[in-house]
Amino acid sequence: FVYRTDLFDRSTIARWAGWWRRLLESALAEPEKPVAELSLLSSGQRQQLLWEWGPAELSYPAPCRETKLAVDLVLEQARRRPAAPAVEQDGAVLTYGELAARSEALARRLVGLGAGTESLVGIFAERSPEVVVGLLAVLRAGAAWVPLDPELPAERLQHMVEDTGLQRVLTQRRLESSLRDVLGQSVEPLFLDDDLPAVGAEVALPQPHPQSAAYVIYTSGSTGRPKGVVIAHGALANRLEYARREDFTADDAFLQKTTLSFDVSVLEIFGPLVAGGRTVLARPGGQRDPGYLLELMASAGITQASFPPGLLEALLSEPAFQSLTELHTVITGGETVPADLPEKFYARFGEEHRADLLNRYGPTETSISVTSWRCRREAERVLPIGRPTAASRMVLLDPQGRPVPPGAVGELCIGGPGLARGYLGRPSRTAEVFVPDPASGALDSGWGSRLYRSGDLARWRRDGALEFVGRRDRQVKVRGYRVELGEIEAALRRVPGVAEAAVVDVAEGATRRLAGYWVASPGSDLSEDALRR
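Going by this note's numbering, the letters in the sequence shown line up with residues 496 to 1028, in that order.
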């Protein structure tokens, strides 16, 4: 083998030579097979990819069977330190004891109204301490919450309510008219900012089952209609138990600024609470103001925060960022992270301040995040999405469903106890992407027997880290949100006078924008404003 030494090193060529030899041996052994079905990997290499690189090391035993549920983890902290601050916003403080008491009262009220296992409760509210009370109360009632962001278009909210069959919605008095404008009289509101009537202990709170639904988050759909991802109590508990053991301590304060429609909000809210730390809420709309966020982080003593790459770049451009002396961990991800972002991040702090930038990856269907990479100070050509975490299992498969060699591109398939149950009311779509794990028989039962076909393309590096390559479909990430370009095209085509439409994504540094194109029907008079609406 002759190779350019400025492009390749000896170990790479030796590895390729082994695959080439293996291919020839396979061809001689089974000459009737098509080349695409011949294996490049030896049994030892296959073993390494499936069992050594793919699964995360379990930092706690028997996920989903013995792990306490999210409710248990938070209430455990409330019993230990009831007077400690749990939730803060604009100077108002909710202690762990108050959080436990208020969520219990609301949970009993919800159960009294018929909520319970597998029932869904909408959350139509702006960021506030009472929203945290509401989320915990829904979990304590054994039910599942469905975030209804007041800033979402009315049509999308109406679809979500119809799709879930919601009958109860937690809201705030100031949003009552907005709720009625969007949802009419179809749902029964329960106001988070009202004093709840006393409900006696005769209304028993159920113990949630690990496989019952904990929350339903809607993601973009290629057919033009969003689909609800159902996350179970056990899957949520698995991720929060990992956070409690690996990410947070009682000294941490995490900035909560993400809308409930995005599952990072679940970690921002409950990650600190399961470890005895503080959740600091940004004011409604404050997530769009870098100056305000920096001021809040400094005054509240924020130690950890999560930002998509575009917002993080905006924050790094502010001189005030380097004054965040208590900040020790920043999480980014949700979309491709520019390779030069870590260099900008570490340059803001200097050598004397030890802070980590973590690049994390995880679709909504896998409970928040499933890989993590601690970014290095020195530049990397491509920033990895990291190695598996939280008992997750990563497998890169070719179109025939076989593991691909290191360096080759395959579809990223994810297993583990954090997988969603599937899509609400869409069994066929669930069956398409949540598929049987062909290797599940050799796994500990804690990992489960399914793989989620993410549609993301990735490759293994030689050190066992994963690099994101792209998509096998037309889904893109914009400011951390999954967007199906086909959904927007379908919306444009529904506008009277539009004959055809196309949408593409355009990269601009760390941020992405969407560009829409349309062809008007003969004789139609379309305005850009109408199309934007």
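Quick reminder that beta carbons are idealized off the backbone N, C-alpha and C, glycines included.
Since the structure is predicted, the reported quantities are computational estimates derived from the model, not experimental observations.
Candidates the options: which alpha carbon is nearest residue i's?
i: V999; options: A926, I983, T827; result: I983
i: P496; options: P648, I508, W514, D504; result: Here the sequence assigns Phe to residue 496, which means Pro is not the residue at that position. Nearest of P648, I508, W514, D504 to F496, Cα basis: I508.
i: L852; options: A842, I726, V928, V682; result: A842
i: S864; options: S715, R855, P701, P642; result: R855
i: V656; options: R668, W640, L670, Q667; result: W640
i: L700; options: P883, V993, L1021, R604; result: R604
i: I726; options: V698, Q782, R916, K563; result: R916
i: G609; options: E625, P624, A636, G992; result: A636
i: V904; options: P912, T798, G911, P894; result: P894
i: E646; options: L502, S623, S681, V677; result: V677
i: L564; options: G857, Q751, H728; result: H728
i: T753; options: G780, L914, P721; result: G780
i: P705; options: V775, L811, P721, D567; result: D567
i: Q702; options: L523, E599, R969; result: E599
i: S538; options: R1028, L1021, P900; result: P900
i: F619; options: D688, T798, T590; result: D688
i: A708; options: S867, L914, E927, E995; result: L914
i: L907; options: Q662, V775, L946, R924; result: L946
i: D746; options: A732, G766, A730; result: G766
i: G829; options: E847, L544, D501, T866; result: T866
i: L545; options: G910, D644, T831, V627; result: G910
i: R956; options: E875, E847, R668, A926; result: E875
i: W543; options: R924, R967, R888, E683; result: Note on residue identity: the sequence assigns Gln, not Trp, to residue 543. Closest by alpha carbon: R888.
i: E621; options: R668, R967, L661, G660; result: R668
i: R597; options: T859, D501, R651, G629; result: G629
Based on DSSP bridge pairs, tell me the residues matched to residue i.
i: Y976; result: V973
i: Q1030; result: No statement about residue 1030 is possible, as the shown extent of the chain runs from 496 to 1028 and does not include it.
i: G766; result: Answer is none; G766 lacks a bridge partner.
i: W548; result: DSSP lists no partner for W548.
i: M792; result: Answer is none; M792 lacks a bridge partner.
i: Y947; result: I909, F929
i: G1011; result: V998
i: T500; result: In DSSP, T500 forms no bridge with anything.
Express the C-alpha separation of residue j and residue i in angstroms, rounding to a whole number.
i: D958; j: W548; result: 9 Å
i: A1015; j: D742; result: 53 Å
i: V633; j: E532; result: 50 Å
i: S459; j: Y918; result: There is no way to answer for residue 459, as the model of the chain reaches only from 496 to 1028.
i: V530; j: F963; result: 27 Å
i: L892; j: W511; result: 18 Å
i: A649; j: S672; result: 13 Å
i: S715; j: G513; result: 43 Å
i: A573; j: I880; result: 35 Å
i: P933; j: G796; result: 48 Å
i: T861; j: T820; result: 33 Å
i: V990; j: L1026; result: 7 Å
i: G1011; j: Q782; result: 26 Å
i: G1018; j: G992; result: 8 Å
i: G981; j: T1006; result: 20 Å
i: A960; j: L665; result: 42 Å
i: S681; j: P721; result: 20 Å
i: E813; j: F840; result: 12 Å
i: P556; j: I712; result: Only weak support is given to the placement of P556: the predicted model assigns it a pLDDT of 42, under 50, and the value that follows is read from those uncertain coordinates. Rounded to the nearest angstrom, the two C-alpha atoms are 28 Å apart.
i: R1008; j: K972; result: 10 Å
i: V569; j: V1001; result: 42 Å
i: L601; j: G607; result: 10 Å
i: P912; j: A738; result: 15 Å
i: F929; j: R921; result: 12 Å
i: Y710; j: K528; result: 47 Å
i: A793; j: T744; result: 19 Å
i: R576; j: G771; result: 8 Å
i: L535; j: W515; result: 7 Å
i: R872; j: F844; result: 11 Å
i: R974; j: T798; result: 22 Å
i: L791; j: A850; result: 18 Å
i: S623; j: S506; result: 55 Å
i: L518; j: R773; result: 56 Å
Check the C-beta distance from residue i over to residue j and give it rounded, since I have them as a contact under 8 Å.
i: R734; j: A885; result: 5 Å
i: L768; j: A777; result: 17 Å between Cβ atoms; not a contact.
i: D658; j: G723; result: 6 Å
i: R988; j: A996; result: 5 Å
i: V627; j: L594; result: 7 Å
Would residue i pass as an interface residue toward chain C - the criterion being a Cβ-Cβ separation below 8 Å?
i: E646; result: Of the chains in the structure shown, none is chain C; there is only one protein chain.
Below 8 Å, can you find three or more Cβ-Cβ pairs linking the segment 944-952 to the segment 750-764?
Because the criterion of three Cβ pairs below 8 Å is not met, the segment 944-952 and the segment 750-764 do not touch.
Taking 8 Å as the threshold, find out whether the segment 821-834 comes into contact with the segment 797-805 through three or more Cβ pairs.
Segments in contact, yes.
Does the segment 583-593 come within contact of the segment 606-618, defined as at least 3 CB pairs closer than 8 Å?
The answer is no - the segment 606-618 does not touch the segment 583-593, with fewer than three Cβ pairs under 8 Å.
How about the segment 829-836 and the segment 803-818: do they share at least three Cβ pairs that are nearer than 8 Å?
Result yes; three or more Cβ-Cβ pairs closer than 8 Å.
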